[in-house]
Amino acid sequence: MLVDRAARIRYYDADGEVAFESSERADGETPNRDPPECEWMEPEGRHAVENIDSVAYHAVRVECKG
């Protein structure tokens with residue numbers, strides 16, 4: 062996954078339950094990723110991500126299935 066604009070997010074699992082929520086920073090700011098952050102992740106099941114911040118969230122995720 063490549064994140065080049067971070068934001069506070071709420072992550073829901075396949076059952077619609079909140080599995081993760083980003084915490085708010087003490088200064089209220091959401092940092093830019095400079096350079097962008099890249100992370101290897103295993104494929105995941107169905108999920109949804111909700112932007113709960115006042116700034117845009119931009120990420121790209123590609124799943125390679127064998």
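Mapped onto the numbering used here, the consecutive letters of the sequence shown carry residue numbers 62 to 127.
Ideal placement from N, C-alpha and C gives every residue a C-beta, glycine not left out.
It should be emphasised that the depicted structure is a prediction, and the values quoted were computed from it without experimental measurement.
Residue j beta carbon less than 8 Å from that of residue i
{"i": "residue 123", "j": "residue 97", "result": "no"}
{"i": "residue 119", "j": "residue 66", "result": "yes"}
{"i": "residue 106", "j": "residue 75", "result": "yes"}
Separation of residue j from residue i, as counted between CA atoms
{"i": "residue 62", "j": "residue 73", "result": "17 Å"}
{"i": "residue 104", "j": "residue 127", "result": "11 Å"}
{"i": "residue 82", "j": "residue 70", "result": "6 Å"}
{"i": "residue 114", "j": "residue 101", "result": "24 Å"}
{"i": "residue 112", "j": "residue 125", "result": "25 Å"}
{"i": "residue 117", "j": "residue 77", "result": "22 Å"}
*Mind pulling the beta strand (DSSP E) runs of 3 or more residues that sit fully within the stretch 66-122?*
Runs of the beta strand (DSSP E) inside the stretch 66-122: 70-73, 79-82, 93-99, 109-112, 119-121.
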